[in-house]
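Student: So that we are looking at the same thing, I have put the structure below in structure tokens.
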């Protein structure tokens with residue numbers, strides 16, 4: 002609890018995104034795609050879509066076109082060879098920027114998957130997948146790429162408000178998000194306190210997250226959730242996230258008023274935060 006109030010040293014200058022190198026997981030749809038679109042408009046040198054599904058179609062007239070890669074977070078969480086293969090690919094891409102050493106300015110851990118069902122009946126393989134995709138996969142990538150990120154760069158975790166306040170029948174998903182937010186909040190206060198680390202707790206957003214979520218037995222649900230359909234737009238969410246990155250905030254609650262009040266009860270190692278309500 003004390004970490005929440007300690008004034009850890011941070012780089013307080015704004016993060017200027019123009020000309021930076023940015024890596025985004027899960028950028029083929031939803032919030033990730035909109036973040037990629039906004040950052041691409043700011044002339045990012047490289048904006049990578051690291052999702053195993055559909056590719057994001059970039060504007061052909063841009064000077065710096067996104068580079069698309071395939072990434073399975075469960076693979077890199079469980080398979081050291083797959084992780085090494087991914088890291089080598091990223092290093093090769095960064096070497097093409099004519100730098101002597103690999104340099105990555107911003108890493109955005111956005112990819113994720115949801116599971117819905119009773120905690121008592123939840124198949125343990127589904128729970129393991131939630132932990133691998135939403136937690137260990139992001140940790141594995143961040144650990145390996147962190148040395149390439151300068152102190153004036155940033156690591157971003159796009160998480161969920163259930164990573165702060167658990168909801169019924171979202172136990173597996175909530176557990177994975179709690180783990181991820183706890184890890185990155187702790188990382189912020191450790192060896193490199195100057196490095197900007199932002200954790201984002203997102204409420205309902207109108208994306209395909211519910212459609213692609215798993216049930217207790219690991220089957221794809223394949224239908225929309227009314228709460229998500231009525232939620233924030235990916236465009237609005239992405240704008241707020243990019244703005245928080247530029248302001249170097251460390252904690253962003255992106256949700257309507259009541260969920261934000263519930264989420265305030267959580268503690269984290271943040272120094273600059275904002276509460277953003279839906280428009």
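Residue numbers (this note's numbering): 2 to 280.
All C-beta atoms in this analysis are idealised placements derived from N, C-alpha and C, irrespective of residue type, glycine included.
Using 8 Å as the threshold, is the C-beta distance between residue 25 and residue 243 below it?
Tutor: No, these two residues do not count as a Cβ contact at 8 Å.
Student: Quick one: what does DSSP say residue 20 is sitting in, helix, strand or coil?
Tutor: Looking at residue 20 - three-state DSSP - the assignment turns out to be coil, as it is neither helix nor strand.
Student: With DSSP collapsed to three states, give me the class of residue 147.
Tutor: In the structure shown, residue 147 sits in a helix (DSSP, three-state: H, G or I).
Student: Using 8 Å as the cut-off, can you tell me whether the segment 180–198 makes contact with the segment 119–130, which would need three or more C-beta pairs spanning the two stretches below that distance?
Tutor: With the cut-off at 8 Å, the segment 180–198 and the segment 119–130 do not touch.
Student: For residue 15, count neighbouring C-beta atoms within 10 Å of its own C-beta (all shown protein chains included) and say buried if the count is 16 or more, exposed if not.
Tutor: Exposed is the call here.
Student: Return the CA-CA distance between residue 35 and residue 235, expressed in angstroms with no decimal places.
Tutor: Going from the Cα of residue 35 to the Cα of residue 235 covers about 6 Å.
Student: Please confirm whether residue 138 and residue 176 have their CB atoms less than 8 Å apart.
Tutor: No.
Student: Taking the straight line between their C-alpha atoms, what separation do you get for residue 83 and residue 76?
Tutor: If I take the Cα positions, the gap works out to 6 Å.
Student: CA-CA distance, residue 211 and residue 157?
Tutor: Those two C-alpha atoms are separated by around 22 Å.
Student: Can residue 117 and residue 216 be called in contact, C-beta distance under 8 Å?
Tutor: Against a cut-off of 8 Å, the Cβ pair of residue 216 and residue 117 comes out as a contact.
Student: Assuming the contact rule is C-beta atoms closer than 8 Å, residue 204 and residue 113 should be a hit. Round their C-beta distance to whole Å, please.
Tutor: So it is not a contact: roughly 14 Å between Cβ atoms.
Student: If I follow the unbroken alpha helix (DSSP H) through residue 93, where does it start and stop?
Tutor: Its alpha helix (DSSP H) spans residues 81–96.
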